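Q:
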Amino acid sequence: MIKSDTLIFNKHLQLFEFHPVKMETKPTEISSSKMFGGYNKRYKHLSPTLGCSMNFHIFFPPSTSPSHKFPVLYWLSGLTCMDENFIAKSGAQRAASSEGVALIVPDTSPRGLNVEGESDSWDFGVGAGFYLNATQEKWKNWRMYDYVVKELPSLLENFPNFFFLLHFILQWLLWSTPSPD
Numbered sequence: 001m002i003k004s005d006t007l008i009f010n011k012h013l014q015l016f017e018f019h020p021v022k023m024e025t026k027p028t029e030i031s032s033s034k035m036f037g038g039y040n041k042r043y044k045h046l047s048p049t050l051g052c053s054m055n056f057h058i059f060f061p062p063s064t065s066p067s068h069k070f071p072v073l074y075w076l077s078g079l080t081c082m083d084e085n086f087i088a089k090s091g092a093q094r095a096a097s098s099e100g101v102a103l104i105v106p107d108t109s110p111r112g113l114n115v116e117g118e119s120d121s122w123d124f125g126v127g128a129g130f131y132l133n134a135t136q137e138k139w140k141n142w143r144m145y146d147y148v149v150k151e152l153p154s155l156l157e158n159f160p161n162f163f164f165l166l167h168f169i170l171q172w173l174l175w176s177t178p179s180p181d
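Counting along the sequence shown from 1, when you hit position 62 you're at 62 in full-length UniProt numbering, and nothing is skipped either side.
#1: Which stretch, first to last residue, makes up the beta strand (DSSP E) that contains residue 59?
#2: Exposed or buried, residue 143, counting other C-beta atoms within 10 Å across all chains shown (16 or more means buried)?
#3: Using CA atoms only, rank isn't needed, just tell me which of 54, 99, 81 is closest to residue 38.
#4: Given this structure, state the Cα-to-Cα distance separating residue 154 from residue 53, to the nearest angstrom.
#5: In chain order, what residues of the same chain have a beta carbon less than 6 Å from the beta carbon of residue 41, not counting five sequence neighbours either side?
#6: Do you know how far the Cα of residue 123 is from the Cα of residue 61?
#7: DSSP three-state call for residue 138: helix, strand or coil?
#8: What are the boundary residues of the beta strand (DSSP E) that includes residue 40?
#9: How many whole angstroms separate the CB atoms of residue 51 and residue 141, which I take to be in contact at a CB cut-off of 8 Å?
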């Protein structure tokens, strides 16, 4: 396949028009609730890395100053989860509130791409929670390593209250390996 800015040719040199989709990556708040003096907020954005809409939660601990910087803790959920599981079930907001730590909780996989087989198994595809980049063409949008390590931190620059010198990444699936690139 040969690509230019506006045209794509396949291996038989058949011409296909290519219209790049301009995606708005700035997050939009879709819900908010007060908890332990801080706020749980859920955001939605279009991910150029994954080619779909993605959700993530942020718990903002209480602060007396709008310019206060918070250390950040990322929580990466495992199999069959989404961004809401940890936020709803863990109770981690209590500790984050008392320690003044922001929680960042992304979804575990792309959703809504309608790839054949994406929902056939509980341990693969939608909700799988593998934070790596897929290598097979069929799963090309499953680039969760790039999403979590590159796109999400860049997206979080929209929130000036985070102190990014302190990053923790927790995983249920410790055996997943990072992308070689």
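Ideal placement from N, C-alpha and C gives every residue a C-beta, glycine not left out.
Being a predicted model, the structure only gives us computed values, none of them experimental.
A: On the basis of the data shown:
#1: Numbered from 1 along the sequence shown, position 59 holds the residue referred to as residue 59. Run containing residue 59: 52-60, per the beta strand (DSSP E) assignment.
#2: To locate residue 143, count along the sequence shown from 1; it is residue 143. Its Cβ being crowded by 16 or more others within 10 Å, residue 143 is buried.
#3: As a first step, residue 38 is located in the sequence shown; it is residue number 38 there, counting from the start. That would be 99, whose Cα lies nearest to the Cα of residue 38.
#4: As a working mapping, residue 154 is identified with position 154 in the sequence shown. As a working mapping, residue 53 is identified with position 53 in the sequence shown. Roughly 16 Å separates the two Cα atoms.
#5: Taking the sequence shown and counting its residues from 1, the one referred to as residue 41 is at position 41. Closer than 6 Å at Cβ, skipping near neighbours: 29, 32, 58.
#6: Numbered from its first residue, the sequence shown carries residue 61 at position 61. Numbered from its first residue, the sequence shown carries residue 123 at position 123. Separation of residue 61 and residue 123 (C-alpha to C-alpha, rounded to the nearest whole angstrom) is 33 Å.
#7: Position 138 of the sequence shown holds residue 138. Residue 138 falls in the helix class under three-state DSSP.
#8: Taking the sequence shown and counting its residues from 1, the one referred to as residue 40 is at position 40. Here the beta strand (DSSP E) through residue 40 covers 38-47.
#9: One-based indexing of the sequence shown puts residue 51 at position 51. One-based indexing of the sequence shown puts residue 141 at position 141. That pair is a contact at about 5 Å.
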